[in-house]
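Visitor:
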Ligand code: LLP
């Protein structure tokens, strides 16, 4: 099992005695220290991935900013680690902005997103001095202009353009088709850029596109740059607006199961470089400063979630084999939301051969609360640890308290040591917003 799942495990994972270790720390030690479920990030893996992203674009002549999409997972500790390596942050709420600022990310490396930004969010972004606000609608341009007027400030902006490109991914995470709720059509984008350029409140930098998420093919980046080149040429000729900055968003996928093989950041960089020379420069445009916003591909493969096995049973006409674990859709809603696939390991005996396909079910009161429907495993034993790899993105950040379960701890392991990034929620914290519960306990 271990060797087969090697490609989807964090790089520091090993198992000299059959027990999975991450960053040199045996998983039983993590379970003892933090309880289960627990999400453990491999610090070495995170650092290597961040460097791979930065190095991939380091030679771009017009410079590149790699801004981590904090929605994938944000905690102050995580952003400090990534920020210290030189990454900026893509934020799309007051909460994400707060975390980025508290982590010490330089405001000029923060990019503000959102398809319905509130006045309070725009005010906070302007006050913090964020590097870019990505305008998503005409109404937002008006609102931002008013915020800037009141604050007597100026702001660098991009406009989010919908390129009307189809990509291969789950429809809930594809964003660049016509009719998506994000961004504006190319015609409206041109109008907004022209309007913004005419106002002394805006420093018009360029455009943003985000193709979609969990893309396992680099070709959409080539297609979008080719299309943008023609559009930017026409825009410039007609209005004089220059695209100085091209933000190509996030979207690079990861391997959740062994047969998925995503391109590397270097492969994406090569496609972007070639597309820029074949279409952008060919159209006589100056090379733009690039912005990349990787989320999933930055942190997804760096973490493993550990669960404790509870009830093991077979049921139904087909004799489905269930292994129930002590978490589920509350710590990882992705299988339920996107039919996402995962693999599992019995973490204390990773070299044992699988004897059947198991359904890994969660504790929640829903039939859809199944994390995996086809996990090849040896027969699990109650009380042992089960590990699900590739849970570093959009698991903890989308966690809920469904069935009033406390959210789990998130920890960082490195060089034989571990520390919490986010500790486990307590029952008192869970009830802290329940007004009557608090009154009753005083
Ligand atoms: N930039 C923008 C403007 C975005 O909307 C997103 C993701 C990213 C960057 C980062 O994309 P990534 O590199 O992570 O693919 N909850 C879903 C994913 C939603 C992605 C939303 N936007 C999931 O679990 O698959």
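Numbering (the numbering used here), first residue to last: 373 to 814.
Backbone N, C-alpha and C define an ideal beta-carbon position, used for all residues, glycine too.
What residues are listed by DSSP as bridge partners for residue 662?
Guide: The residue you call residue 662 lines up with position 290 of the chain shown. Answer by DSSP bridge pairing, in chain order: 436, 618.
Visitor: Excluding the five sequence neighbours on either side, which residues of its own chain have a C-beta within less than 6 Å of the C-beta of residue 530, listed in chain order?
Guide: What you label residue 530 is simply residue 158 of the chain shown in a count that begins at 1. Only 504, 506, 577, 578, 579, 580, 619 meet the Cβ criterion.
Visitor: Just tell me which of 412, 446, 407, 379 has its CA closest to the CA of residue 788.
Guide: Reading the chain shown from its first residue, position 416 is the one you call residue 788. Nearest of 412, 446, 407, 379 to residue 788, Cα basis: 412.
Visitor: Measuring alpha carbon to alpha carbon, tell me which residue in 477, 574, 536 is nearest residue 599.
Guide: Within the chain shown, numbered from 1, the residue matching residue 599 stands at position 227. Here the closest residue by C-alpha is 536.
Visitor: I think residue 617 touches residue 562, with their Cβ atoms under 8 Å apart; what is that distance to the nearest whole Å?
Guide: Residue mapping note: residue 617 aligns to position 245 of the chain shown, counting from 1. Residue mapping note: residue 562 aligns to position 190 of the chain shown, counting from 1. Not really, about 16 Å apart at Cβ, beyond 8 Å.
Visitor: For residue 427, which of 608, 733, 638 has the nearest alpha-carbon?
Guide: By 1-based counting over the chain shown, the position of residue 427 is 55. Among 608, 733, 638, the Cα nearest to that of residue 427 belongs to 638.
Visitor: What are the boundary residues of the beta strand (DSSP E) that residue 530 is part of?
Guide: For the purposes of this step, residue 530 is identified with residue 158 of the chain shown, where counting begins at 1. Element bounds for residue 530: 527–532.
Visitor: Could you tell me whether the region 658–666 touches the region 719–738, where touching means 3 or more Cβ pairs closer than 8 Å?
Guide: no
Visitor: Can you tell me where the beta strand (DSSP E) holding residue 695 begins and where it ends?
Guide: As a working mapping, residue 695 is identified with position 323 in the chain shown. Element bounds for residue 695: 692–697.
Visitor: Along the chain, where does the alpha helix (DSSP H) containing residue 752 start, and where does it finish?
Guide: The residue labelled residue 752 in the question sits at position 380 within the chain shown. Where residue 752 is concerned, there is no enclosing alpha helix (DSSP H), given that its DSSP letter is neither H nor E.
Visitor: From the DSSP output, in three-state form, read off residue 393 for me.
Guide: The count along the chain shown starts at 1 and reaches residue 393 at position 21. In the structure shown, residue 393 sits in a strand (DSSP, three-state: E or B).
Visitor: Sort 456, 729, 391 by Cα distance to residue 691 and report the nearest one.
Guide: On the chain shown, residue 691 is found 319 positions in, with the first residue counted as 1. Nearest of 456, 729, 391 to residue 691, Cα basis: 729.
Visitor: Who are the near neighbours of residue 694 in its chain, counting only those whose CB is closer than 6 Å to its CB and skipping five residues on each side?
Guide: For the purposes of this step, residue 694 is identified with residue 322 of the chain shown, where counting begins at 1. Once the five neighbours on either side are set aside, the close Cβ partners of residue 694 are 685, 731, 733.
Visitor: By how many angstroms is the C-alpha of residue 668 removed from the C-alpha of residue 403?
Guide: Locating residue 403 in the chain shown gives position 31, counting from the first residue. Locating residue 668 in the chain shown gives position 296, counting from the first residue. Computed Cα separation, rounded: 25 Å.
Visitor: For residue 545, is the beta carbon positioned less than 7 Å from some heavy atom of the ligand LLP?
Guide: Counted from its first residue, the chain shown places residue 545 at position 173. Yes, the beta carbon of residue 545 sits closer than 7 Å to at least one heavy atom of the ligand LLP.
Visitor: Return helix, strand or coil for residue 745, following the three-state DSSP convention.
Guide: As a first step, residue 745 must be located in the chain shown, where it is residue number 373. Strand at residue 745.
Visitor: Tell me whether the beta-carbon of residue 477 lies closer than 8 Å to the beta-carbon of residue 460.
Guide: Here residue 477 corresponds to residue number 105 of the chain shown, with the count starting at 1. Here residue 460 corresponds to residue number 88 of the chain shown, with the count starting at 1. In this structure, residue 460 lies closer than 8 Å to residue 477 by Cβ.
Visitor: Less than 7 Å between C-beta atoms, sequence neighbours within five positions excluded: which residues of the same chain meet that for residue 546?
Guide: Residue 546 sits at position 174 when you count from the first residue of the chain shown. So the qualifying residues of the chain are 539, 584.
Visitor: Looking only at its chain, what residues have a beta carbon closer than 8 Å to the beta carbon of residue 391, apart from the 5 residues adjacent to it on each side?
Guide: Start at 1 with the first residue of the chain shown, and residue 391 comes out as number 19. Excluding positions up to five away in sequence, the list reads 398, 399, 400, 719, 720, 721, 722.
Visitor: If you drop the 5 nearest sequence neighbours on each side, which residues of the same chain put their C-beta closer than 6 Å to that of residue 386?
Guide: Against the chain shown, residue 386 aligns to sequence position 14. Leaving aside the five residues that flank residue 386 on each side, the residues in its chain whose CB is nearer than 6 Å to its CB run, in chain order, 393.
Visitor: Rounding to the nearest angstrom, what Cα-Cα distance links residue 520 and residue 483 in this structure?
Guide: As a working mapping, residue 520 is identified with position 148 in the chain shown. As a working mapping, residue 483 is identified with position 111 in the chain shown. Roughly 17 Å separates the two Cα atoms.
Visitor: I'd like the span of the beta strand (DSSP E) that includes residue 565, first residue to last.
Guide: Your numbering for residue 565 matches position 193 in the chain shown. From DSSP, residue 565 is part of no beta strand (DSSP E) but of the alpha helix (DSSP H) over 558–569.
Visitor: Just curious, the alpha helix (DSSP H) that residue 321 is in, first and last residue?
Guide: The structure shown does not extend to residue 321, since the chain spans only 373 to 814, so no value can be given for it.
Visitor: At what residues does the alpha helix (DSSP H) containing residue 816 begin and finish?
Guide: For residue 816 there is no data in the structure shown, the boundaries of the chain being 373 and 814.
Visitor: Around the Cβ of residue 464, are there at least 16 other Cβ atoms within 10 angstroms (buried) or fewer (exposed)?
Guide: Sequence index remark: in the chain shown, residue 464 carries index 92 (1-based). Residue 464 is buried by the Cβ-count criterion.
Visitor: Is residue 515 near residue 568, with beta carbons less than 8 Å apart?
Guide: The residue given as residue 515 occupies position 143 in the chain shown. The residue given as residue 568 occupies position 196 in the chain shown. No; because the gap between Cβ atoms is not below 8 Å, this pair is not in contact.
Visitor: So what does DSSP say about residue 672, is it helix, strand or coil?
Guide: As a first step, residue 672 must be located in the chain shown, where it is residue number 300. Residue 672: helix per DSSP, three-state reduction.
Visitor: Taking the continuous alpha helix (DSSP H) assigned at residue 450, which residues delimit it?
Guide: The residue labelled residue 450 in the question sits at position 78 within the chain shown. Taken as a continuous stretch (DSSP letters only), the alpha helix (DSSP H) holding residue 450 covers 448–456.
Visitor: Figure out for me which residue from 443, 675, 454 has the closest Cα to the Cα of residue 425.
Guide: Your numbering for residue 425 matches position 53 in the chain shown. The residue with the shortest Cα to Cα distance from residue 425 is 454.
Visitor: Assuming residue 472 and residue 666 form a contact by the criterion Cβ under 8 Å, report the distance between their Cβ atoms to the nearest whole angstrom.
Guide: Within the chain shown, residue 472 is the residue found at index 100, counting from 1. Within the chain shown, residue 666 is the residue found at index 294, counting from 1. So it is not a contact: roughly 15 Å between Cβ atoms.
Visitor: Just to confirm the assignment, what range does the alpha helix (DSSP H) spanning residue 402 have?
Guide: Position 30 of the chain shown holds residue 402. Looking at the DSSP string, the run of the alpha helix (DSSP H) that includes residue 402 is 399–406.
Visitor: Using a threshold of 8 Å, state whether the C-beta atoms of residue 625 and residue 587 are closer than that.
Guide: For this step, residue 625 is matched to residue 253 along the chain shown. For this step, residue 587 is matched to residue 215 along the chain shown. Yes, Cβ-Cβ distance for residue 625 and residue 587 is below 8 Å.
Visitor: Does the ligand LLP have a heavy atom nearer than 7 Å to the CB of residue 694?
Guide: For the purposes of this step, residue 694 is taken as the residue at position 322 of the chain shown. Result no, Cβ not under 7 Å from the ligand LLP.
Visitor: Less than 8 Å between the beta carbons of residue 736 and residue 774, yes or no?
Guide: Start at 1 with the first residue of the chain shown, and residue 736 comes out as number 364. Start at 1 with the first residue of the chain shown, and residue 774 comes out as number 402. Their beta carbons are under 8 Å apart, which means residue 736 touches residue 774 by this criterion.
Visitor: For my contact list, residue 681 and residue 750 are in at a C-beta cut-off of 8 Å; report their separation, rounded to the angstrom.
Guide: As a first step, residue 681 is located in the chain shown; it is residue number 309 there, counting from the start. As a first step, residue 750 is located in the chain shown; it is residue number 378 there, counting from the start. Separation of the CB atoms of residue 681 and residue 750 is rounded to 12 Å, and the pair is thereby denied contact status at 8 Å.
Visitor: Using DSSP bridges, identify the partner residues of residue 790.
Guide: Position 418 of the chain shown, counted from the first residue, corresponds to residue 790. Residue 790 pairs with 785.
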